[in-house]
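Working notes, structure below.
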Amino acid sequence: LRQLRAVYNSEFGGPGPLAGVELVPGWARAGAEIFGNSSDSMSFFQGDVTAVRLGRTFDLITMNDVLEHVMPKRYGCLFATLAAHSRPNTMVYMHTPTPETQLSDKG
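Given below as C-alpha cells:
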C-alpha cells in the first residue's frame with residue numbers, strides 16, 4: 269500500500285485517502301495495525317468486495333489477486349461495487365495470477 273500511495277501521489281497529484289477491503293476479519297485488523305486506520309490517510313474495512321459500499325468514490329481502484337476468488341455468478345455484483353466507487357475518470361487495475369506468475373512469486 270505504501271508503493272500504491274507513491275504511485276497515486278505521482279499520477280493523480282495526491283495525497284488522497286486509501287481504503288482497503290478484506291474479507292477475512294483478522295487480515296483487515298492486521299492491515300489497520302500495520303498501516304494505521306485514519307479516515308484521512310488509510311482505512312481498512314472488513315467486508316465482501318461484491319457487496320461493500322464505502323460511501324465514497326476513488327480515482328484509482330486496484331484489485332490484486334482478487335477476481336479469481338469471486339464466484340462467476342457474483343461478477344455482476346463485483347462490477348456494481350466498482351461502479352458505486354468510481355468517478356467518471358476512475359482507473360481500475362486488476363491483476364490475476366497465472367501459473368507462470370505464481371511460480372515466479374515463489375522465488
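Take 269 as the starting number for the sequence shown in our numbering and just add one per residue. Just so you know, even glycine gets a beta-carbon here, dropped at the ideal spot from N, CA and C.
Give the single residue among 326, 346, 293, 341 whose Cα lies nearest to the Cα of residue 358. Per the Cα distances, 326.
So, at 8 Å on beta carbons, what are the nonlocal neighbours of residue 313 in its own chain, with the 5 sequence-adjacent residues on each side left out? 287, 288, 289, 290, 296, 320, 322
Just the C-alpha distance for residue 299 and residue 293, rounded to the nearest angstrom, thanks. 10 Å
Rounded to the nearest angstrom, what separates residue 334 and residue 340 at their Cα positions? Taking the CA atoms as reference points, residue 334 sits about 12 Å from residue 340.
Tell me, which residues are paired with residue 287 by DSSP? 311
Residues of its chain near residue 361, where Cβ-Cβ distance is below 6 Å and the 5 sequence neighbours each way are ignored: 330
Is DSSP giving residue 365 helix, strand or coil here? coil
Can you tell me the Cα-Cα spacing of residue 355 and residue 301, whole angstroms? Those two C-alpha atoms are separated by around 29 Å.
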